[in-house]
Amino acid sequence: MSDKIWLSPPHLSGEELKYIKDAFDKNWISPYGDNIDSFESKLEAYFEVPDVALVNSGTSAIHLSLILAGIGPGDEVIVPTLNFAGCVNPILYQKAIPLFIDSESDTWNIDPMIAEEVIISKIKSGKKPKAIIAVHLFGMPCKIEAILALGTKYNIPVIEDAADALGSTVNGKKTGAFGLSGIISFNGNKTITTSGGGVLISKDPEIIRQAKHLSNQARTLKPYYVHDAVGYNYMMSNILAGLGTAQMEVLEQRIAKRREIYSIYKSELSRQSNIFFPEEPEGSHSNRWLTSILLDNEKSRDHLYHSLAENNIESRPVWNPMHRQPAFSSFPFYGAETAQQLFEKGLCLPSGSSMTEEQLERIIACIKKYMQ
Ligand SMILES: *Cc1c(COP(=O)(O)O)cnc(C)c1O
36 MSDKIWLSPP
46 HLSGEELKYI
56 KDAFDKNWIS
66 PYGDNIDSFE
76 SKLEAYFEVP
86 DVALVNSGTS
96 AIHLSLILAG
106 IGPGDEVIVP
116 TLNFAGCVNP
126 ILYQKAIPLF
136 IDSESDTWNI
146 DPMIAEEVII
156 SKIKSGKKPK
166 AIIAVHLFGM
176 PCKIEAILAL
186 GTKYNIPVIE
196 DAADALGSTV
206 NGKKTGAFGL
216 SGIISFNGNK
226 TITTSGGGVL
236 ISKDPEIIRQ
246 AKHLSNQART
256 LKPYYVHDAV
266 GYNYMMSNIL
276 AGLGTAQMEV
286 LEQRIAKRRE
296 IYSIYKSELS
306 RQSNIFFPEE
316 PEGSHSNRWL
326 TSILLDNEKS
336 RDHLYHSLAE
346 NNIESRPVWN
356 PMHRQPAFSS
366 FPFYGAETAQ
376 QLFEKGLCLP
386 SGSSMTEEQL
396 ERIIACIKKY
406 MQ
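Per the working numbering, the very first residue in the sequence shown carries number 36; after that it's consecutive.
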């Protein structure tokens, strides 16, 4: 059997151990130290913001974003249903209510028109949603400018889940830096990784100051512990920040490689009438974290998934909509069948930036064989 090809494995630069060793040499293995400082400054420069808050996961960054947007028990939060649970669980941590919105068919992300209808009808019924979470699924930017316009029009804060979308842009501006706050994940399968981790981004330094405070058990600067709020233990370790510092140095290469993988898949496979590739809308630039395709129906999706698996190639169906999950099915859903259709027909192909030419050829040959 040939080697296993993973969906999106970690891709180290080779410089990681240098920064990790530095943390050990200096004995700064807590959540403070030079690696934290340098990873933060690289991210600040990248997003052109004065400060960022490193945390232990993308999910914690979303949780802090919700708290800082004032979300509490009974509040309603607009969120796309085609999504990863890590984006929805924190709404429940706050005992708030997710309002699941269907996808638009071009970007697969939250449909701004349905979102607006929901906002209008909610305002009529006397309860305005308290936040909108916009997600850039698989790196493809959502219609963030339309979502921000809704936020402004109805005075609702927008939080950006750019967990997948480090380096994606809309009209030249990086996803993650549009909303009141935005988050990126550094989980092992993302574009760059700290093994586990995340960052909270905001143009407003006060939001970041509060995020750092809450992520450190909300302890104040007194020599004895004084806690002025309920806090969390969400900080990133200086050891893992060493991974992030090294990974930032190769970020542009990693994105270029993922985009190249997408374009090779597309040029090799888009002549097949039964495989469809989503395109970037005008002005949008996706980091192509995962190349995702649509097949004719669920049967051919399952057929391709199993055929790849038999050939030791990992692929993954597109996210299973949140409103159909046992954990979340009691919450309202607005829309029709778009997200469900994307789930049934959609497949994410191996897209890791460490993929070799031979591996990519092997995957493409396998797809051609089983999809003719
Ligand atoms: C990965 C991911 C998250 C969660 O990030 P973690 O670092 O794994 O907690 C949230 N939202 C989306 C869309 C993701 O893909």
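Built from N, CA and C at the ideal position, the CB exists for glycine as well.
Of the heavy atoms belonging to ligand 1, none sits nearer than 7 Å to the Cβ of Asn346. Residue pairing from DSSP leaves Tyr67 without any beta-bridge partner.
Relative to ligand 1, Ser160 has its C-beta separated by 7 Å or more from all heavy atoms.
When the alpha-carbon of Gln282 is set against those of Gly186, Gly49 and Leu329, the nearest one is in Gly49.
Using a 10 angstroms sphere on the CB of Pro66, the tally of other CB atoms reaches 16 or more, which defines it as buried. Assignment of alpha helix (DSSP H) within the segment 324–398, counting only whole runs of 4 or more residues, yields 333–345 and 373–380 in chain order. In this chain, Ala166 is not harboured by any alpha helix (DSSP H); it is covered by the beta strand (DSSP E) spanning Ala166 to Val170.
By the 16-neighbour rule on beta-carbons within 10 angstroms, Ile194 is buried. In the displayed model, Met406 falls within a helix according to three-state DSSP. Straight-line measurement puts the Cα of Ser319 at about 28 Å from the Cα of Glu396. One thing to note: Ala169 has its Cβ within 8 Å of the Cβ of Ile145. Among the bridge pairs identified by DSSP, Ser216 is matched with Ile194. Taking the Cα positions, Gln375 is about 18 Å away from Cys177. In the three-state scheme derived from DSSP, where H, G and I count as helix and E and B as strand, Ile158 is classed as helix. Just measuring C-alpha positions, the residue of Ile158, Phe311 and Gly387 sitting nearest Asp331 is Phe311. Between the alpha carbons of Ser305 and Ile398 lies a distance of about 15 Å.
The closest heavy atom of ligand 1 lies 7 Å or more from the beta carbon of Thr226. Ile236 and Arg323 have their C-alpha atoms roughly 21 Å apart. DSSP places Pro133 in the strand class (E or B) of the three-state scheme. If only complete runs of 4 or more residues are kept, the segment 253–333 shows the alpha helix (DSSP H) at 273–283 and 286–304, in order along the chain. The beta carbon of Asn118 sits closer than 7 Å to at least one heavy atom of ligand 1. Under the criterion of beta carbons closer than 8 Å, Pro125 and Ile97 qualify as touching, at roughly 5 Å. The DSSP-derived three-state label of Ala104 is coil. Taking 8 Å as the upper bound for CB-CB distance, Ile182 and Val205 are not in contact here, some 11 Å apart. Looking at Ile40, Ser37, Gly174 and Lys165, the one whose alpha-carbon comes closest to that of Glu315 is Gly174.
Contact between the segment 349–364 and the segment 89–107 is absent, with fewer than three C-beta pairs closer than 8 Å. A straight line joining the alpha-carbon of Ser386 with that of Tyr297 spans about 8 Å.
For Asn251, the three-state secondary structure derived from DSSP is strand. Judged by their CB atoms, Arg336 and Lys380 are nearer to each other than the 8 Å cut-off. Straight across, the Cα-Cα distance linking Ala131 with Ser321 is about 31 Å. Counting the other CB atoms within 10 Å of its CB gives Lys165 a total of 16 or more, which places it among the buried residues. The Cβ atoms of Phe378 and Phe135 do not sit closer than 8 Å to each other. Distance from Ile242 to Ser216 at the Cβ level is roughly 6 Å; contact confirmed, criterion being Cβ atoms closer than 8 Å. When the five nearest sequence neighbours on each side are left out, the beta carbons in the same chain lying within less than 6 Å of the beta carbon of Ser140 are those of Thr373, in order along the chain. Short note on Thr210: C-beta not closer than 7 Å to any heavy atom of ligand 1.
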